[in-house]
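*Asks:* When the letters of the sequence shown are read in order and numbered with the working numbering, they come out as residues 2 to 234. Shown below is the structure under consideration.
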Amino acid sequence: MKTIDLLNTTTHGVLPQSYYNAINDIGAFDIVLIGDGDTFTDRISGTGSIGTNTASSGTINNRFIQGIDFNSTTSLANIGSVLSGTIPAAMTFSAWLAFDSWDSGAVEQVANIRVDASNEYRFFKFSSDAIFLYHYAGGTLTQQFQDVSTLTGINHIGFTVSASQIAIYVNGVQVKTGTPSAAPTGTLTFSGLGSLNGIVSNLFSGVMYDVSINTTTALDSATILKIYNAGKS
Numbered sequence: 002m003k004t005i006d007l008l009n010t011t012t013h014g015v016l017p018q019s020y021y022n023a024i025n026d027i028g029a030f031d032i033v034l035i036g037d038g039d040t041f042t043d044r045i046s047g048t049g050s051i052g053t054n055t056a057s058s059g060t061i062n063n064r065f066i067q068g069i070d071f072n073s074t075t076s077l078a079n080i081g082s083v084l085s086g087t088i089p090a091a092m093t094f095s096a097w098l099a100f101d102s103w104d105s106g107a108v109e110q111v112a113n114i115r116v117d118a119s120n121e122y123r124f125f126k127f128s129s130d131a132i133f134l135y136h137y138a139g140g141t142l143t144q145q146f147q148d149v150s151t152l153t154g155i156n157h158i159g160f161t162v163s164a165s166q167i168a169i170y171v172n173g174v175q176v177k178t179g180t181p182s183a184a185p186t187g188t189l190t191f192s193g194l195g196s197l198n199g200i201v202s203n204l205f206s207g208v209m210y211d212v213s214i215n216t217t218t219a220l221d222s223a224t225i226l227k228i229y230n231a232g233k234s
């Protein structure tokens, strides 16, 4: 893993150096996306600017540095240039999310890693104001969900998948788990943030900060907690 190339803190807000030091020390992710409102950059694997981001709501400053801003009407991000090939049999998704409203009653997609409708990972907030994780393998759905209607502001949300378990994390705590029947297979056709299959529908409304992905491993609960603790203050 490469040391994270920190952005200018004067321009991009107050960055908790300890958070990124911890991420590097833990060695948890091979992709970390740091946005500046309209664009995003891969800051660990060193590939530079990546993907396609149609978010255009302006720049955002806060302690997590600038985020990827989604406007709920046209914004989505295709990260297929860093997450491509065969769908991962195991992976971890981690992000600090700021929904415009955690209890909006709207369906809002967070992340979609997809081969087709029968083989994909889908992470979204449903109209019941719960975060859902869908795991499709050969058309068989394994799902878990967690109520988030009482959350406000910025919260750490993530999921892990492996051959034996899917799990949802909220602010460092593993809140739900399930057992998939099989692993999804096939070549990825879409990897993205803020939309389902790149379609302008049920789009994310808010800002995603420090979207981090491990493309090979479902991190354990202790590691997820370390990541949350490093960034919570």
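Ideal placement from N, C-alpha and C gives every residue a C-beta, glycine not left out. Predicted, not measured: the structure shown is a model, and the values here were computed from it.
So for GLY232, helix, strand or coil by DSSP?
*Replies:* helix
*Asks:* Taking C-alpha atoms, which residue in ARG123, VAL149, ALA118, ASP104 lies nearest to GLN110?
*Replies:* Out of ARG123, VAL149, ALA118, ASP104, ARG123 has the C-alpha closest to the C-alpha of GLN110.
*Asks:* So what does DSSP say about LEU98, is it helix, strand or coil?
*Replies:* strand
*Asks:* State the DSSP-derived secondary structure class of THR151, mapped to helix, strand or coil.
*Replies:* coil
*Asks:* DSSP puts ASP117 in a beta bridge; with which residues?
*Replies:* ASN120
*Asks:* Is it buried or exposed, GLY199, if we count other Cβ atoms within 10 angstroms and call 16 or more buried?
*Replies:* buried
*Asks:* Could you check what DSSP says for LEU220 in three-state terms: helix, strand or coil?
*Replies:* coil
*Asks:* Looking only at C-alpha atoms, which of ILE214, ALA168, SER163, ALA184 sits nearest to ALA138?
*Replies:* ALA184
*Asks:* Between which two residues does the beta strand (DSSP E) holding THR161 run?
*Replies:* 156–162
*Asks:* Among residues of its own chain, excluding the 5 on either side of GLY154, which ones have a beta-carbon nearer than 7 Å to its beta-carbon?
*Replies:* ALA99
*Asks:* Compute the Euclidean distance between the alpha carbons of GLY187 and SER128, then round it to the nearest angstrom.
*Replies:* If I take the Cα positions, the gap works out to 30 Å.
*Asks:* Using the beta-carbon count (16 or more within 10 Å), is GLY106 buried or exposed?
*Replies:* Its Cβ having fewer than 16 others within 10 Å, GLY106 is exposed.
*Asks:* In terms of residues, what are the limits of the beta strand (DSSP E) holding ASN175?
*Replies:* Looking at the sequence provided, one finds Gln at residue 175 rather than Asn. 174–179 is the span of the beta strand (DSSP E), which, as asked, contains GLN175.
*Asks:* Going by DSSP, name the residue or residues bridged to ASP70.
*Replies:* VAL208
*Asks:* Nearest by alpha-carbon distance to ASP221: which of GLY193, ILE167, SER192 is it?
*Replies:* Among GLY193, ILE167, SER192, the Cα nearest to that of ASP221 is on ILE167.
*Asks:* Applying the 10 Å Cβ sphere with the 16-neighbour rule, what's the burial state of ILE225?
*Replies:* buried
*Asks:* When you compare each of GLU121, ILE132, PHE94 to VAL176 by their alpha carbons, which one comes out closest?
*Replies:* ILE132
*Asks:* If SER206 and PHE30 are in contact, beta carbons under 8 Å, what's the gap, nearest whole angstrom?
*Replies:* Rounded, the Cβ-Cβ distance is 25 Å, inconsistent with contact.
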